[in-house]
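Trainee: This is the structure, below, for whatever I ask next.
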């Protein structure tokens, strides 16, 4: 008898493959007195060789997927396992105390880590402590015969099942082999879900208890359209889902005919359907789906995938690649949006009771201006290679935008004084994600070049409902008339000032929301690459007049999100 575990469909698709459990293994052991020391030392040497082989494999994968610079971190890991002093000390503990290699490894490693971490004025040695922790865990796992999960080393078709996935975990997934993932926690706007859509991997999040119902290697069906993971399916059920999978893939293929078609309503009003990206690697999917541009480049992944703040040159290379590949289409780059649910261990951010309302995004950038200026200099240097637009996240006050613009202009003057060419046509905009900025949109519109509405945060702040909290998930209502009225106000304010408004939150690709947003006058819809063609098709099925009539009724006659949904569905049926 099959069992269905229900969650939230975060990235559409249907997948059938064996389970790959991405869970932290238990690495516990007991102290053992050793009779045969030579045999124990041989076991230690075998584990060292195994750990070396695993690290070499990870390094090769990183080099292939991320480039040589990213792969070099694993050279430091290999050096640890080739350090004669470190290994000799472990061997001496085994010989002199006649204890098992696991205990000897822990004792010696703890001493080294304590010594390295005490060197607070030596960043290199503190980095060495982090390397040592990683390597010693791998070596301990080899001694215990426990396999450490690593998404980057997956080399066969699987469905990843985990309690949660960090953004960097998700970024390592190779969609050639990872056919889907299912997590116990998360929502449609969690970063693992957003990354899944960027990678075009089917995903279900918030599937409570999934880890209790699956085993490593067990066949799993993921229906990421309905939000169901099916365990222990019988032959008939498996055949049904295989047919549905083929049907879904056929529908996707039919949409390919729209790749080079203009994004326009039925009566010919053109809009822009752009893509959200996290790294330049996402550009292949963006171009394959015929995006009209990049509406959101989340630069924080440059920071999150590094062990230190990325240099100006490293950032310049990434921005230049995106601008060159998309030229002449526009690329909207969001400056670093760290904080909230995105932390940087090396930045030493304060622990906060409510990080979503705390020290994050532009607030960090304005406080740590050298770091901010490094990013702006990299962007300005890259600007000559394409059509760059820059937006600042988490803007609450006009003063914040003015200060950010002032630092931008300082960086611009510095580069020009150094004889470095920069574009003179860069548009500067802001994310509208704080209700205060939305309400004051008419004032902001006098100073900015564009708005981009970040509905993921705008909705949670307007409804006072943490989008990561399952207890209040019912309040995360993108169709609520209050949200629609705020969106309408922002768009009106921008148009009255001769500016444009885009939307880069998940609402921009929502089939219920799209006709409403069309009617409210949204200029640009930005979304994951996999949503571009379905959105282009849906937009082409509405006339401007129909969409405007629908939107007007929604913001003037409806009092609840349910009423708005019913209005849209009745309108579509008529």
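Numbering (my numbering), first residue to last: 66 to 639.
Cβ atoms here follow ideal geometry from the backbone N, Cα and C, with glycine treated the same way.
Computed from a predicted structure; not experimentally measured.
1. Compare the C-beta of residue 621 against all C-beta atoms of chain D and say whether one is closer than 8 Å.
2. Using the Cα positions of residue 79 and residue 424, report the straight-line distance between them to the nearest angstrom.
3. In terms of residue numbering, what span does the alpha helix (DSSP H) encompassing residue 452 cover?
4. By the three-class DSSP mapping on this structure, what secondary structure does residue 468 have?
5. Consult DSSP for residue 284 and reduce its assignment to one of helix, strand or coil.
6. Could you give the distance in angstroms between the alpha-carbon of residue 106 and the alpha-carbon of residue 284?
7. Determine the DSSP secondary structure at residue 123, reduced to helix, strand or coil.
8. Name the two residues that bound the continuous alpha helix (DSSP H) containing residue 180.
9. Considering just the uninterrupted stretch of the beta strand (DSSP E) at residue 83, what are its terminal residues?
10. Helix, strand or coil for residue 362, going by three-state DSSP, please let me know.
11. Using 8 Å for Cβ pairs, my map puts residue 496 next to residue 460. What's the rounded Cβ distance?
12. For residue 639, which three-state DSSP category applies?
13. Give me the Cα-Cα distance between residue 171 and residue 372, rounded to the nearest whole angstrom.
14. Could you tell me if residue 546 is buried or exposed, where buried requires 16 or more neighbouring beta carbons within 10 angstroms of its beta carbon?
15. Going by the beta-carbon positions, is the gap between residue 265 and residue 595 smaller than 8 Å?
16. Going by DSSP, which residues form a beta bridge with residue 565?
17. Where do the ends of the beta strand (DSSP E) carrying residue 501 lie?
18. Inspect the beta-carbon positions of residue 151 and residue 159 and report whether they are closer than 8 Å.
19. When you compare only the Cα positions, how much space is there between residue 486 and residue 473?
20. Which value, in whole angstroms, describes the spacing of the CA atoms of residue 437 and residue 629?
21. Which one of 366, 291, 627, 439 has the shortest CA to CA distance from residue 76?
22. What is the rounded straight-line gap between the Cα of residue 580 and the Cα of residue 608?
23. What does DSSP give as the partner residue(s) for residue 550 in the beta ladder?
24. Ignore the nearest five residues each way along the sequence and tell me which others in residue 299's own chain have a CB closer than 7 Å to its CB.
25. Does the contact criterion of 3 or more C-beta pairs under 8 Å hold for the stretch 116 to 128 versus the stretch 197 to 212?
26. Pull up the DSSP beta-bridge partners for residue 341, would you.
27. Could you compute how far the alpha carbon of residue 471 sits from the alpha carbon of residue 619?
28. Hey, would you say residue 544 sits closer than 8 Å to residue 578, going by beta carbons?
29. Quick one: what's residue 210 bridged to in DSSP?
30. Could you give the first and the last residue of the continuous alpha helix (DSSP H) run that contains residue 380?
31. Keeping to the same chain, check which residues put their C-beta closer than 7 Å to that of residue 393; ignore five residues upstream and five downstream.
32. Have a look at 563, 568, 510, 564 and flag the residue whose alpha-carbon is nearest the alpha-carbon of residue 521.
33. Taking the continuous beta strand (DSSP E) assigned at residue 398, which residues delimit it?
34. For residue 213 versus residue 83, is the C-beta distance shorter than 8 Å?
35. Does the stretch 337 to 346 touch the stretch 257 to 276, meaning 3 or more C-beta pairs lie closer than 8 Å?
36. Within this structure, are the beta carbons of residue 358 and residue 395 separated by less than 8 Å?
Mentor: This is what the structure holds:
1. Of the protein chains in this structure there is only one, and it is not chain D.
2. Note on geometry: alpha-carbon atoms of residue 79 and residue 424 lie some 39 Å from one another.
3. Taken as a continuous stretch (DSSP letters only), residue 452 belongs to no alpha helix (DSSP H), being part of the beta strand (DSSP E) at 452 to 457.
4. Residue 468: helix per DSSP, three-state reduction.
5. Three-state result, residue 284: strand.
6. If you take the alpha carbons of residue 106 and residue 284, they lie about 40 Å apart.
7. Residue 123: helix per DSSP, three-state reduction.
8. Going by DSSP, residue 180 is part of the alpha helix (DSSP H) stretching over 166 to 182.
9. 79 to 86 is the extent of the beta strand (DSSP E) around residue 83.
10. Strand.
11. The beta-carbon separation of residue 496 and residue 460, rounded to 6 Å, stays under the 8 Å limit for a contact.
12. Three-state DSSP puts residue 639 in coil, outside helix and strand.
13. When only Cα atoms are considered, residue 171 and residue 372 end up about 24 Å apart.
14. Counting Cβ neighbours within 10 Å, residue 546 comes out buried, since at least 16 surround it.
15. The answer is yes: Cβ separation under 8 Å.
16. Residue 565 pairs with 515.
17. According to the DSSP assignment, residue 501 belongs to no beta strand (DSSP E) but to the alpha helix (DSSP H) extending over 500 to 504.
18. Using a Cβ distance threshold of 8 Å, residue 151 and residue 159 do not count as a contacting pair.
19. Spanning the two alpha carbons is a distance of roughly 15 Å.
20. If I take the Cα positions, the gap works out to 41 Å.
21. A check of alpha carbon separations from residue 76 across 366, 291, 627, 439 identifies 291 as the nearest.
22. A straight-line Cα-Cα distance of about 9 Å links residue 580 and residue 608.
23. Residue pairing by DSSP places residue 550 in no beta bridge whatsoever.
24. So the list reads 67, once near-sequence residues are dropped.
25. Segments in contact, yes.
26. Residue pairing by DSSP places residue 341 opposite 361 in a beta bridge.
27. When rounded, the separation of the alpha-carbon atoms in residue 471 and residue 619 is 40 Å.
28. Yes.
29. According to DSSP, which records beta bridges pairwise, residue 210 is partnered with nothing at all.
30. For residue 380, the uninterrupted alpha helix (DSSP H) run begins and ends at 377 to 391, by DSSP.
31. Short of 7 Å from the beta carbon of residue 393, and not among the five residues preceding or following it, lie these beta carbons of its own chain, in chain order: 452.
32. For residue 521, the closest of 563, 568, 510, 564 by C-alpha to C-alpha distance is 568.
33. Taken as a continuous stretch (DSSP letters only), the beta strand (DSSP E) holding residue 398 covers 395 to 399.
34. Not in contact: residue 213 and residue 83 (Cβ atoms no closer than 8 Å).
35. Taking 8 Å as the limit for Cβ pairs, the verdict is that the stretch 337 to 346 does touch the stretch 257 to 276.
36. Residue 395 sits close to residue 358, with the two beta carbons spaced by under 8 Å.
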